[in-house]
Each structure stands twice: as structure tokens, then as C-alpha cells.
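Going by the numbering used here, the sequence shown opens with residue 11, and the numbers climb by one from there.
Ideal placement from N, C-alpha and C gives every residue a C-beta, glycine not left out.
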Amino acid sequence: MKFGGTSVSNIERICHVADLVEEVAREGHEVVVVVSAMAGDTDRLIRLAHEITPDPPEREIDMLLSSGERITSALLAMALTARGRTSRSFSGRQVGIHTDSTHTKARIEHIESGRLLSALSAGVIPVVAGFQGISPNEDVTTLGRGGSDTTAVALAVALSADRCDIYTDVTGVFTADPNMVPRARKLERISYEEMLEMAALGAKVLHSRSVEFAMRYRMPLRVLSTFSKDPGTLVTEEDKKMEQMVVSGVTLDRNQAQVIVCDVPDRPGLAASLFRDLSDNAVIVDMIVQNVGQDHLTDISFTVPRSEARKTIRIAREVAQRIGAGEVRSREDISKISIVGVGMRSHSGVAARMFETLASEGINILMISTSEIKISCLIDEKYGELAARVVHQTFGLDRADSGEPVRG
Ligand code: ADP
Ligand code: MG
Numbered sequence: 011m012k013f014g015g016t017s018v019s020n021i022e023r024i025c026h027v028a029d030l031v032e033e034v035a036r037e038g039h040e041v042v043v044v045v046s047a048m049a050g051d052t053d054r055l056i057r058l059a060h061e062i063t064p065d066p067p068e069r070e071i072d073m074l075l076s077s078g079e080r081i082t083s084a085l086l087a088m089a090l091t092a093r094g095r096t097s098r099s100f101s102g103r104q105v106g107i108h109t110d111s112t113h114t115k116a117r118i119e120h121i122e123s124g125r126l127l128s129a130l131s132a133g134v135i136p137v138v139a140g141f142q143g144i145s146p147n148e149d150v151t152t153l154g155r156g157g158s159d160t161t162a163v164a165l166a167v168a169l170s171a172d173r174c175d176i177y178t179d180v181t182g183v184f185t186a187d188p189n190m191v192p193r194a195r196k197l198e199r200i201s202y203e204e205m206l207e208m209a210a211l212g213a214k215v216l217h218s219r220s221v222e223f224a225m226r227y228r229m230p231l232r233v234l235s236t237f238s239k240d241p242g243t244l245v246t247e248e249d250k251k252m253e254q255m256v257v258s259g260v261t262l263d264r265n266q267a268q269v270i271v272c273d274v275p276d277r278p279g280l281a282a283s284l285f286r287d288l289s290d291n292a293v294i295v296d297m298i299v300q301n302v303g304q305d306h307l308t309d310i311s312f313t314v315p316r317s318e319a320r321k322t323i324r325i326a327r328e329v330a331q332r333i334g335a336g337e338v339r340s341r342e343d344i345s346k347i348s349i350v351g352v353g354m355r356s357h358s359g360v361a362a363r364m365f366e367t368l369a370s371e372g373i374n375i376l377m378i379s380t381s382e383i384k385i386s387c388l389i390d391e392k393y394g395e396l397a398a399r400v401v402h403q404t405f406g407l408d409r410a411d412s413g414e415p416v417r418g
């Protein structure tokens with residue numbers, strides 16, 4: 011059972027979470043709990059760091075941020091103990107979560123599950139601080155925003171759990187962010203593949219690495235609300251019914267920046283050297299477009315996470331100078347709207363409908379990228395929410411009634 015930041019944002023809620031855990035333990039289940047930091051705490055810590063320096067060392071950021079989850083894990087273990095249960099809190103290191111050494115966005119490499127297994131067999135309810143691990147040289151690392159989901163799924167896999175339940179502040183996975191598209195509908199089931207695309211494309215309800223783990227190891231994943239009895243959404247294998255829906259979800263990613271390298275000489279290997287340097291600096295590039303060249307010169311534009319924009323521009327300028335390209339420009343006032351659905355494999359005209367819908371609202375498309383089950387368009391940031399709502403409606407995802415409340 012994993013509980014997100016809103017679910018543990020104050021003592022009253024931590025006690026409510028303790029009640030939920032107790033209920034499941036009383037049914038006879040062995041349970042491992044994973045918690046996030048209290049909502050807002052991570053941001054508060056980041057602000058403190060930036061009051062000291064605009065560019066804090068990432069190792070220290072990880073040391074700082076990992077404290078938030080340790081606080082909630084200890085408080086929840088106390089609440090369970092106060093209810094007469096034997097419970098103990100653990101840091102990522104204490105439960106053997108080994109990661110690579112990429113500070114602030116480390117990847118879990120392996121888990122030594124011995125300590126958790128012996129706690130379970132001694133009747134202890136372990137409460138694990140999410141979002142963190144330990145690097146090969148024993149420094150604390152964190153897994154990136156939303157990383158506690160990944161802690162939970164990775165532990166579920168390592169312990170051969172029957173299921174991993176992600177408790178959050180909405181009743182499940184919706185056809186779009188219900189806080190942005192009021193007419194979004196809750197999905198009863200969604201395939202791993204679609205969920206992975208949606209998470210990677212900006213639906214922050216699940217950390218995309220957590221879905222990757224669940225998909226690879228076929229771990230059934232349930233998303234449900236801490237504050238209601240709704241059965242939530244099951245993330246699971248694809249079935250026939252899912253294919254009948256052309257589009258299952260719409261996402262908006264407001265976290266992108268576009269970088270344009272102008273006047274790149276039209277010679278083999280130049281794009282390679284640009285993207286090699288970016289990848290050597292751990293910059294994850296998303297969309298890439300290379301325009302048709304004139305006078306043996308071409309523009310290469312691509313998108314990166316906004317938090318990487320400054321670093322990316324610096325690297326791109328170095329490369330541009332080395333290869334004799336022109337200026338490097340960037341834009342941050344952009345968003346990426348995407349539609350996702352396994353049904354796209356067997357339906358045609360989906361892209362045309364999406365482009366027509368955007369055109370009918372006068373929304374210009376800056377870049378396009380597609381895969382077998384998704385279509386993404388880069389647009390002006392100011393049209394993001396409008397685009398999400400009209401595209402959601404075009405593909406028949408709106409619910410007819412004003413419906414049940416989203417928040418439990
Ligand atoms: P937690 O702190 O529990 O991890 P998050 O804030 O990370 O919670 O994720 C839950 C939020 O995800 C919801 O409040 C909702 O606004 C957002 N969200 C974005 N896309 C979706 C979606 N398709 N379905 C449900 N929630 C979504
Ligand atoms: Mg989250």
C-alpha cells in the first residue's frame with residue numbers, strides 16, 4: 011500500500027491511513043507500506059535550498075529531500091504502534107534499495123529484500139520511506155518527482171506481492187486529469203501500455219518508472235483514493251474491450267522546453283554529435299524534428315524537460331560552435347497535448363481528427379510525434395487546457411452527466 015503526499019499531509023490524515031492499513035492487516039494480509047513526504051514539504055525544502063544558492067549540488071538536494079519521507083514513515087509507524095500493531099519505519103537504504111548514482115533522478119538497480127522479509131515474518135508492518143535509495147558509493151539518491159510510486163512497485167516485485175495498491179487523492183485513473191477536464195471519466199481498467207504512455211506524457215497520477223516495473227513483471231497495480239471506498243482503477247493486461255475504444259486518455263505536459271539549433275550543416279554525423287553530448291549529460295530528449303534543408307543548412311529542433319532547459323542550451327551552444335552551426339534558440343511557453351489508446355492500432359484517421367479539432371480552435375501545431383498507440387502535438391502553452399478539453403470531447407471521452415464527485 012503506497013500513500014501519496016496529500017494522503018499524509020497532516021496528523022489527522024496519517025491516523026486515517028493507519029486505520030486503512032490496520033483494516034487490511036486485520037483481514038489477514040501481510041502488508042508493506044510506502045509513504046511520500048507530506049504534501050508541500052518537498053517544495054518547501056527546495057525553496058530553502060534555493061534561498062542559499064541558485065544552483066545547489068544535487069548530492070545535497072537528495073540528502074535534503076529524502077528527509078521528507080523519513081518523517082512520514084516514522085509518524086505512520088508510531089500511529090500503527092499506538093493502535094497495538096507492531097510497526098517499524100525504514101529508510102530506503104535500510105530496506106536495501108540500490109540505485110545508480112544519478113542524483114535527483116536515480117534508477118533502482120536492485121533490491122535486497124532480506125530485511126523486509128524477516129520483518130514480515132516477525133509480524134511487523136514495515137513502513138518504508140518512498141522516493142529514495144542508495145548509490146553504489148553509499149550516497150543517498152532520490153528517484154525524481156513521483157518516485158514513491160516506483161519504490162512501491164519495485165518492492166512489490168521484489169517481495170513477490172500479490173498486488174500493489176497506490177492510494178492517492180483521486181478515485182483512480184481518469185480519461186484526463188480530472189482537475190483540468192471536469193468531464194473526465196474514471197476508467198475501471200487500463201492496460202499497462204496505455205498507462206505507461208499516459209504517465210510518460212504528463213499524467214502524474216503514476217510515476218512512469220513505476221508502470222514500467224509493473225508491466226515488465228506483470229504486477230497488478232490498483233490506483234484508488236485514500237478518502238473514498240471506490241474500487242479505483244486496475245492497471246493490467248490489455249483485453250478486447252480496451253481495443254474497442256480508439257482513445258483511452260488525453261494528457262497535457264506543461265513541463266517541456268523547445269530548443270532549436272539553426273543552420274546545421276547538412277553533413278552526416280552532426281545530429282549524432284549533438285544528441286550524443288546531450289545523452290552523455292543525462293538530458294532526456296523527447297520530440298525531435300529536422301527540417302528540410304536549404305543551401306545545405308538545416309534546423310534541428312527538439313524538446314527536453316523544462317528543468318533541463320538551461321543545461322541543454324549550454325551544451326547545444328557548445329556543439330553548435332564545434333560543428334559550425336548557427337544560433338541556438340529556445341521556448342518555454344509551450345505544452346504537449348497527447349492522445350493515447352491501444353485502439354489506434356486498428357483505427358485510421360485518428361491523427362486527422364486530432365489536428366482538425368485543434369485547427370477548429372485556431373491552435374497552431376509546432377511539432378508532432380507519434381507512436382503506435384499515441385499522437386502528441388506541441389502547442390502554445392496558453393491553449394493547453396482548451397486543447398485538452400476539446401480533444402477529450404472529440405474522441406467521445408466526456409461523461410454525459412455532471413457525474414459523481416472526483417474527490418472522495
Ligand atoms: P500523490 O501525491 O498521491 O502521488 P499525485 O499528485 O502525484 O498524487 O497524483 C494524483 C494527481 O494526478 C491527481 O490529483 C490529478 O490531478 C493528477 N492526474 C493527472 N492526470 C490524471 C489522470 N489521467 N487520472 C487521474 N489523475 C490524474
Ligand atoms: Mg504521485
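Sixteen is the threshold: since fewer than 16 other Cβ atoms of the shown chains lie within 10 Å of the Cβ of K239, the residue is exposed.
Taking S19 as the centre and dropping the five residues before and after it, the same chain places the C-beta of M48, A49 closer than 6 Å to its C-beta, in chain order. DSSP places I385 in the strand class (E or B) of the three-state scheme. At least one heavy atom of the ligand MG falls within 7 Å of the beta-carbon of G156. Annotation for V274: the continuous beta strand (DSSP E) segment containing it runs 266-275. For D175, the enclosing beta strand (DSSP E) stretches over residues 174-178.
Annotation for G157: the continuous alpha helix (DSSP H) segment containing it runs 157-168. Across the structure, A166 and S131 are spaced so that their CA atoms are roughly 16 Å apart. Your pair I135 and V27 does not check out as a contact, with CB atoms roughly 12 Å apart and the cut at 8 Å. Looking from the CA of P315, the closest CA among K346, E337, H402 belongs to K346. Cα atoms of A84 and S379: separation of roughly 45 Å, rounded to the nearest angstrom.
DSSP places T114 in no alpha helix (DSSP H); its state is neither H nor E. Non-local beta-carbon contacts of F365 in its own chain, meaning distances under 7 Å to residues more than five positions away in sequence, involve I375 in chain order.
Under the three-pair Cβ rule at 8 Å, the region 318-338 does not count as touching the region 354-364. Shortest Cα-Cα distance from V302 to any of I349, D276, M252, Q403 involves D276. In the three-state reduction of the DSSP assignment, T246 falls in the strand class.
Taking the Cα positions, F237 is about 12 Å away from G14. The C-alpha of D72 lies about 10 Å from the C-alpha of G143. Uninterrupted alpha helix (DSSP H) stretches at least 4 residues long and entirely within the region 62-113 occur at 68-92, given in chain order. With a cutoff of 7 Å, D159 counts as near the ligand MG, since its C-beta is closer than that to a heavy atom of the ligand.
Taking all protein chains in view, the Cβ of L58 is surrounded by fewer than 16 other Cβ atoms within 10 Å, so the residue is classified as exposed.
Checking the DSSP bridge columns, you'll see P315 partnered with Q266. Around the CB of A410, fewer than 16 other CB atoms lie within 10 Å, so the residue is classed as exposed. Checking the 7 Å criterion, the Cβ of N265 is out of range of every heavy atom belonging to the ligand ADP. CA-to-CA, the gap between Q104 and R125 works out to about 8 Å. In terms of Cα proximity to I383, the closest of Q300, G259, D305, R264 is G259.
Relative to the ligand ADP, N189 has its C-beta within less than 7 Å of a heavy atom. Remark: fewer than three beta-carbon pairs, one from each stretch, lie closer than 8 Å, so the region 387-405 and the region 281-289 are not flagged as touching. Fully enclosed alpha helix (DSSP H) runs of no fewer than 4 residues occupy 202-210, 218-227 of the region 186-251, in order along the chain. Around the beta carbon of Q254, fewer than 16 other beta carbons lie within 10 angstroms, which makes this residue exposed.
Not one heavy atom of the ligand MG lies closer than 7 Å to the C-beta of K115. Counting the other CB atoms within 10 Å of its CB gives H39 a total below 16, which places it among the exposed residues. In this structure, the CA atom of T82 is about 15 Å from the CA atom of D53. Collapsing the DSSP output to three states places R409 in coil. Residue ranges of uninterrupted beta strand (DSSP E) with 3 or more members, entirely inside the region 340-374 and ordered along the chain, are 344-350.
In the DSSP assignment, L307 is bridged to P275, Q304.
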